[in-house]
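Participant: Numbering (the UniProt record's numbering), first residue to last: 1 to 429. Cβ coordinates follow ideal geometry from the N, Cα and C atoms, glycine included. First the structure, which I've put down as C-alpha cells, then a few questions once you've had a look.
Laid out in C-alpha cells, this is it:
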C-alpha cells in the first residue's frame with residue numbers, strides 16, 4: 001500500500017462534534033462532569049485533526065515500548081501520566097477492564113432508547129440536552145466522551161466493553177481513565193500498522209499534542225497551565241504542523257528542534273507542579289500518583305487514605321490545648337466587656353467592684369489598664385511552663401476556671417443590685 005494511501009486512514013474521532021456538544025453543556029452538567037474528573041474535556045479548543053502528523057507518528061510508533069521513535073533521533077515513551085497532563089482525566093485507581101455485563105447492556109439500551117444493540121454517537125449526542133441530569137447525565141456523558149474522544153473505535157457506537165464502569169455512577173471517577181486511553185491508542189496503532197484495518201482508533205489528538213509539546217518554537221505562549229488541552233487551539237495546531245513539515249505532501253515531519261523532557265509537561269518531577277493549601281483530596285491523589293512510579297500506584301491508593309485519616313486525628317489532638325487556652329481568654333473578656341460600659345449613676349465603689357482579682361493570677365490593682373492583659377498573659381505562660389502538660393489536666397483546669405468566672409460574674413451583678421428596689425435575675429446570698 002502506498003504511503004499516500006496509508007495516510008488516508010479512517011477514524012471515528014469527532015473533535016468538531018464534541019466541541020459543539022461541550023458548548024451546550026450547562027453549569028450543573030459541568031459540575032457533574034467535574035465530579036467524575038472529566039470536566040477538562042469540555043475545554044477542548046481544536047476541532048481539526050492534523051492527519052499528516054497523525055499518520056507520521058503512527059508510522060514511527062514502536063508498539064512494544066509505547067514510544068515515538070522518529071528518523072531524526074527523537075524518542076519518547078508515552079505513559080498514562082502524559083495522557084493526564086494533556087487531558088486532566090483520572091490517573092490511577094481501578095482498572096478499566098474490557099468486560100461485558102448483560103444486565104448493564106439492557107439498562108443502557110433502556111435509558112438511551114437506542115435503535116440498535118448499542119447507542120450510536122448521534123444518539124448519545126442527541127441525549128445530551130439541558131434537562132439531562134444526575135446519574136443519567138453521568139452515564140451518557142461518559143459513554144459519549146469514550147466513544148467520540150477518548151477511545152473511539154471503528155464501530156461508531158458505545159462499546160459495551162466499558163459498560164461496567166457505569167454500574168455505579170458515583171464511582172466513575174475512581175477508574176483509571178488515563179491507562180485505558182493509552183491502551184486503546186496503542187492497540188489501535190498496532191492493528192493499523194499490521195494492515196488489519198484502515199481505521200486508526202484511539203485518541204489521536206492527544207498523541208499529536210504530546211509530540212508538539214516537545215517542539216522548540218515560539219508559537220505556544222510559555223505557561224505552566226495543566227492540563228494542556230485548553231491551550232491547543234485549531235490555529236496553534238495548524239501552525240505547528242506547518243512549521244514541522246518537511247515535505248509538500250504533508251507526509252514527512254521532524255524539521256523543528258526538540259526540547260528536553262524536563263522542559264515539557266511530562267517530566268515525572270516537574271518544578272512547576274505543586275499542591276496548595278485548599279486543594280481537594282482528589283487533586284492531592286492525582287499529584288501523588290503523577291510523581292511516583294507506575295508500579296507503586298496501587299500502594300498510593302491503599303495507603304494515602306490511611307495517612308490522611310491519621311493526620312486529621314493528630315491535627316485535632318494537637319489543637320485541643322490551643323483551643324482551650326484561647327477559649328479561656330475569650331471567657332475573661334466577658335466581665336471586662338461588661339465593666340467597660342458603666343452606667344452614668346454608677347459610683348466609684350461600683351466601678352471598682354467589677355474588677356475582682358482572680359485566684360490563679362497575680363493580684364493587680366483594680367481598675368488598672370493592664371489587668372486583663374497581665375492576667376491573660378500569665379495564665380498562658382503558666383500553662384506552657386507546666387512540664388506535665390497533659391490533655392486531661394488542661395481540660396480540668398479549663399472547667400475550673402470557667403466556673404470561677406461565672407461565680408465572679410454573679411458576684412458582680414449582686415453588688416450592682418445592692419440597695420436597689422429591682423431584684424437580680426438570680427438569688428444573691
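Can the beta-carbon of residue 139 be found closer than 7 Å to that of residue 90?
Facilitator: It is not a contact, given that the beta carbons lie outside the stated cut-off.
Participant: Starting from residue 77, follow its DSSP beta bridges and name the residues at the other end.
Facilitator: Paired residue(s): 67.
Participant: Using only the alpha-carbon positions, how far apart do residue 110 and residue 187 sit?
Facilitator: 31 Å
Participant: With distances taken between CB atoms, is the gap from residue 45 to residue 230 smaller than 7 Å?
Facilitator: yes
Participant: Inspect the beta-carbon positions of residue 176 and residue 95 and report whether they are closer than 7 Å.
Facilitator: Taking 7 Å as the Cβ cut-off, residue 176 and residue 95 qualify as a contacting pair.
Participant: If residue 121 and residue 14 are in contact, beta carbons under 8 Å, what's the gap, nearest whole angstrom?
Facilitator: 6 Å
Participant: Please check the pair residue 202 and residue 189, which I expect to be a contact at CB under 8 Å, by giving their CB distance rounded to whole angstroms.
Facilitator: 7 Å
Participant: Pairs of beta-carbons, one from the region 50-58 and one from the region 142-152, closer than 8 Å: are there three or more?
Facilitator: no
Participant: Quick check: the Cα distance between residue 318 and residue 312, rounded to an integer number of angstroms?
Facilitator: 10 Å
Participant: Can you tell me the Cβ-Cβ gap for residue 37 and residue 173, rounded? I've got them flagged as a contact below 8 Å.
Facilitator: 4 Å
Participant: Just to confirm, is the Cβ distance from residue 514 to residue 289 under 7 Å?
Facilitator: This structure cannot speak to residue 514, because the chain is shown only from 1 to 429.
Participant: At a cut of 8 Å, does the region 94-108 reach the region 234-251 through at least three beta carbon pairs?
Facilitator: no
Participant: Please report the Cβ distance between residue 119 and residue 108, rounded to the nearest whole angstrom; I am assuming they are in contact, meaning their Cβ atoms lie under 8 Å.
Facilitator: 7 Å
Participant: Roughly how many angstroms separate the alpha carbons of residue 26 and residue 74, rounded to a whole number?
Facilitator: Each residue's alpha carbon lies about 42 Å from the other.
Participant: Identify the continuous alpha helix (DSSP H) that holds residue 184 and give its terminal residues.
Facilitator: 177-193
Participant: Are the region 177-184 and the region 77-84 touching by the rule of at least three beta carbon pairs closer than 8 Å?
Facilitator: Between the region 177-184 and the region 77-84 there are three or more C-beta pairs closer than 8 Å, enough to call the two in contact.
Participant: Check residue 199 in the structure and name its three-state DSSP category.
Facilitator: strand
Participant: Which of the three DSSP states, helix, strand or coil, is assigned to residue 133?
Facilitator: coil
Participant: From what residue to what residue does the alpha helix (DSSP H) around residue 293 run?
Facilitator: Per DSSP, residue 293 belongs to no alpha helix (DSSP H) and is neither H nor E.
Participant: Nearest-angstrom Cα distance between residue 213 and residue 253?
Facilitator: Straight-line Cα distance between these residues: approximately 15 Å.
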